[in-house]
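A.B. asks: These protein sequence lines map, in sequence, to chains A and B. Mapping of the first sequence onto numbering that gives the first Met the number 0: position 129 corresponds to residue 128, and the numbering continues sequentially without gaps. Mapping of the second sequence onto numbering that gives the first Met the number 0: position 177 corresponds to residue 176, and the numbering continues sequentially without gaps. Glycine residues also receive a C-beta, built at the ideal position from the N, C-alpha and C atoms.
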Amino acid sequence: MTNLPGDRRYTRAHEWAMESDGRILVGITDYAQDQLGDVVYVGLPEVGTMVTAGEPLGEVESTKSVADVYSPVTGTVLEKNSEAEQAPEVINSDPYGRGWLVAVDASGSALEELMGADEYQQWLEQEVDS
Amino acid sequence: MVFELSRPGRRAWSLPEADVDGPSLEELLPEAHRRAQPPNLPELSELDLVRHYTRLSQRNWAIDVGAYPLGSCTMKYNPKLSEEAASLPGMRDLHPFEDDDLVQGALELLGTLELALCEATGMARMTFQPAAGAQGELTGLLIMRAYHDAAGDPRRRVIIPDSAHGTNPASVTLAGFEAHETPSDERGLVDLGALREALADDVAGLMLTNPNTLGLFERDIAEIATSVHDAGGLLYYDGANFNSIVGLVRPGDMGFDIVHLNLHKTFATPHGGGGPGSGPLGVVERLEPFLPSPVLEWDEGAERWSWDHDRPRSIGRIHSFHGNFGINLRAYCYLRSLGPAGLRQVAERAVLNANYLRALIEEAFPTAYPGPCMHEFVSSAARLKRLGVRATDVCKRLIDFGFHPPTIYFPLVVEEALMVEPTETESKETLDSLAAALNQIADEAEGDPELLRSAPITTPVRRPDEARAARQLRVRWTPADPDGGS
Ligand SMILES: Cc1ncc(COP(=O)(O)O)c(C=O)c1O
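(1) Would you say Glu465 of chain B faces chain A, with C-beta separation under 8 angstroms as the test?
(2) Going by DSSP, what residue range makes up the alpha helix (DSSP H) through Gly238 of chain B?
(3) At a threshold of 7 angstroms, does Gly132 of chain B count as lining ligand 1 (C-beta to nearest heavy atom)?
(4) Return the residue from the list B:Arg33, B:Asn39, B:Arg34 and B:Asn242 that minimises the CA-CA distance to Leu351 of chain B.
(5) Classify Gly281 of chain B as helix, strand or coil using the three-state DSSP reduction.
(6) Flag this pair as touching only if the segment 411-430 of chain B and the segment 74-83 of chain B have three or more C-beta atom pairs under 8 angstroms; answer yes or no.
(7) Applying the criterion that 16 or more other CB atoms from any shown protein chain within 10 Å of the CB defines a buried residue, is Pro478 of chain B buried or exposed?
(8) Could you work out which residues of chain A lie near Leu411 of chain B, taking near to mean beta carbons separated by less than 7 angstroms?
(9) Counting C-beta neighbours from all protein chains within 10 Å, is the total for Gly483 of chain B 16 or more, i.e. buried, or is it exposed?
(10) Measure the alpha-carbon distance for Glu60 of chain A versus Glu84 of chain A and round it to whole angstroms.
(11) CA-CA distance, His486 of chain B and Gly300 of chain B?
(12) Rounding to the nearest angstrom, what Cα-Cα distance links Met253 of chain B and Phe320 of chain B in this structure?
(13) How many Å lie between Ser277 of chain B and Gln134 of chain B at the Cα?
(14) By DSSP's criteria, Phe376 of chain B is part of a beta bridge. Which residues make up the other side?
(15) Less than 8 angstroms between the CB atoms is what I'm expecting for Pro404 of chain B and Leu397 of chain B, so what's the real figure, rounded?
(16) Of all the CB atoms in chain B, is at least one closer than 8 angstroms to the CB of Val39 of chain A?
(17) Going by DSSP, what residues sit across from Val350 of chain B in a beta bridge?
(18) Return the CA-CA distance between Pro293 of chain B and Ile158 of chain B, expressed in angstroms with no decimal places.
(19) When Cβ atoms are compared, which residues of the segment 75-89 of chain A fall closer than 9 angstroms to chain B?
(20) Straight-line CA distance for Arg34 of chain B to Trp12 of chain B?
(21) Let me see if you follow: with CB-CB separation under 8 angstroms, is Tyr408 of chain B close to chain A or not?
(22) Here's a check: name, in chain order, each residue in its chain whose Cβ is nearer than 6 angstroms to the Cβ of Asn2 of chain A, leaving out the five neighbours to either side.
(23) Return the residue from the list B:Met125, B:Asn211 and B:Gly338 that minimises the CA-CA distance to Val113 of chain B.
(24) Secondary structure at Glu107 of chain B, three-state DSSP: helix, strand or coil?
(25) Does any residue of chain A bring its CB to less than 8 angstroms from the CB of Arg470 of chain B?
(26) For Ser485 of chain B, count neighbouring Cβ atoms within 10 angstroms of its own Cβ and tell me buried if that reaches 16, exposed if not.
(27) Over the uninterrupted alpha helix (DSSP H) stretch that includes Arg144 of chain B, give me the two end residues.
(28) Is His487 of chain B helix, strand or coil when you go by DSSP?
(29) In the DSSP assignment, the beta strand (DSSP E) including His51 of chain B goes from what residue to what residue?
(30) Can you say whether Thr265 of chain B is buried or exposed, counting buried as having 16 or more other CB atoms within 10 angstroms of its CB?
(31) Figure out for me which residue from B:Ile440, B:Met373 and B:Asp307 has the closest Cα to the Cα of Leu383 of chain B.
(32) Does the segment 94-104 of chain B come within contact of the segment 363-375 of chain B, defined as at least 3 CB pairs closer than 8 angstroms?
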């Protein structure tokens, strides 16, 4: 079964967002990395880029396909994970930890509007069944 | 690697001493363009060379060796008659700079092919410049942009379905548009409601292939066309799946304004090692002025074909000369040998073959959307996931049975997708043995999943590490011993 930490919020497009030191960290879920397979490339926005909730923020490419990553929040990119850019396999091995993608400033983001772990779990079950 | 067979001084040729005096290299080339050292080319005898490439060709899979049910690619047999025509010296040795008057036959061939393909698609004119489907897409989208710009109504977005081929969004982006994805409904067809919602006055057009990449005919195409046109947009036909309807339905009659054809699919020209291909692009009359320049014209009075370069509203050139002439010539042969009735049979049998195969494997690999398909179908291997077996393992195992695997993991809307397109040129016996192989593989997955995960076991190379190859891309060979080579 897919791994779902309770300390963060989730989107229907399989991203997660979590507050950490006044910033919002963004990544893709364990389910998303499993569906994609071996990630071989990740394209991330430069520091200072404005990202909008629900709009593409970057892309993740695996040996199977390319997928857009949609931003869970609106704000400015403060940092991107250069380790994930250089060694994209960390997105497969540690999607909730070292495989984070970008840090966004917290202003204007309403994390509580996103799904909690239980709700995302239900969404997953529903989507996989259909 | 051919470099590893190299021995200093070995040659595959020897030339006699020149018995005429020519200008020296120093006279011909300025010093900046002269090499200081000879290039590091492999040195081999003719026999070494012939054996090396013959060996490589024997390791290669090809339609001339066995079935190739690679979905969306239409890997049909490429008739030898077309090859023979293409190797006639009068065709093979033509130079594109030849004076129009000396190549009237070749121009007539292109003109006749244009007429035939316009007839088959319901378009007014066609260009042969694009070298593949994807380049046809770019050409068509540049025409779409030129059309809206010329009307003083520049538009930003192009809509594509979520089942679209990856080249569609890529071409949209390359042409300077923004791709907007529209969802499929529970039938696997364009969700008409969602499409209508997305159609705003900044939409330049919709790109669609019909049948779509799930092998399903877009039954609402008339309503789709009306909606797109009412919103001021144009309708683009991705002709990758034309094989299933050729001679039966015309994209132009469905309401499409721009059409590309992949001659290396429907018209049986080789896919050969990545090229050359041909992706002619047709348009309706109102888009004609924007076609790439030059355009081939027939002068009734002078009874002469010539190239018209005076095309002020053209998007410009998108390929040198007139595209890949030798490929267009093969497509012409194919068309003339089949004739209209033969072409209709192509489509009918492609659809029949796909449905026959689908029914034979339906139980082991259920299709994502039930019901009859067109020339291809998309099955799912998701049921094998609980055994730790993925679509890719099924495909690798199929190689051991002597078949090229189907396309996998595309379209993205189907989990563990297996996209199968047998084409009309495979016999019932071949389809039966392909189905038997797939059904046996489904049984093996239950009994011995490890066998699938370690497949293929019969090939010179087992499973390349695709992830590592993509992460650390090295396309240039370098000697293993840094002191051994240069
Ligand atoms: C649906 C679809 N569209 C477009 C293309 C691109 O065509 P080409 O490979 O000729 O560039 C393909 C090729 O496989 C395809 O299957």
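C.D. replies: So, from the listed chains and residues:
(1) When Cβ-Cβ separations below 8 angstroms define contact, Glu465 of chain B makes contact with chain A.
(2) Not the alpha helix (DSSP H): Gly238 of chain B falls in the beta strand (DSSP E), residues Leu233 to Gly238.
(3) Between ligand 1 and the CB of Gly132 of chain B, the shortest heavy atom gap is smaller than 7 angstroms.
(4) Closest option to Leu351 of chain B, Cα to Cα, is B:Asn242.
(5) Of the three classes helix, strand and coil, the one that applies to Gly281 of chain B here is strand, per DSSP.
(6) Verdict: yes, contact present.
(7) With fewer than 16 other CB atoms across the displayed protein chains lying within 10 angstroms of its CB, Pro478 of chain B is exposed.
(8) Near Leu411 of chain B (Cβ distances below 7 angstroms), the residues of chain A are Ser64.
(9) Low per-residue confidence applies at Gly483 of chain B: pLDDT is 47, beneath 50, and the placement is therefore not dependable, though the value from the model is reported in the following sentence. Exposed, by the Cβ-count rule.
(10) The alpha-carbon atoms of Glu60 of chain A and Glu84 of chain A are separated by roughly 11 angstroms.
(11) As shown, chain B starts at 0 and ends at 485. That puts residue 486 of chain B outside it, with no answer to give.
(12) Approximately 32 angstroms between the Cα atoms of the pair.
(13) Their Cα atoms are separated by approximately 9 angstroms.
(14) Phe376 of chain B pairs with B:Val419.
(15) About 5 angstroms separates the two Cβ atoms, so the contact holds.
(16) At least one beta carbon of chain B lies nearer than 8 angstroms to the beta carbon of Val39 of chain A.
(17) Bridge pairing for Val350 of chain B: absent [DSSP].
(18) Those two C-alpha atoms are separated by around 30 angstroms.
(19) Of all residues in the segment 75-89 of chain A, only Ala86, Pro87 and Glu88 place a beta-carbon less than 9 angstroms from a beta-carbon of chain B.
(20) Spanning the two alpha carbons is a distance of roughly 22 angstroms.
(21) Yes - at least one Cβ of chain A is within 8 angstroms of the one on Tyr408 of chain B.
(22) These residues qualify, in order along the chain: Asp29.
(23) According to the sequence shown, residue 113 of chain B is Glu rather than Val. Comparing Cα-Cα distances from Glu113 of chain B to each of B:Met125, B:Asn211 and B:Gly338, the minimum goes to B:Met125.
(24) Looking at Glu107 of chain B - three-state DSSP - the assignment turns out to be helix.
(25) Yes, Arg470 of chain B lies at the interface with chain A (some Cβ there is under 8 angstroms from its Cβ).
(26) Only weak support exists for where Ser485 of chain B lies, its pLDDT of 42 falling under 50; the value from the coordinates is given anyway. The C-beta of Ser485 of chain B has fewer than 16 other C-beta atoms within 10 Å across all chains shown, which makes the residue exposed.
(27) Per DSSP, the unbroken alpha helix (DSSP H) holding Arg144 of chain B starts and ends at Gly132 to Ala149.
(28) Nothing about residue 487 of chain B can be read from this structure; chain B reaches only from 0 to 485.
(29) Careful: His51 of chain B lies outside any beta strand (DSSP E), inside the alpha helix (DSSP H) at Glu45 to Arg58.
(30) Buried, by the Cβ-count rule.
(31) Closest option to Leu383 of chain B, Cα to Cα, is B:Ile440.
(32) Touching, no, given that fewer than three Cβ pairs across the two stretches are closer than 8 angstroms.
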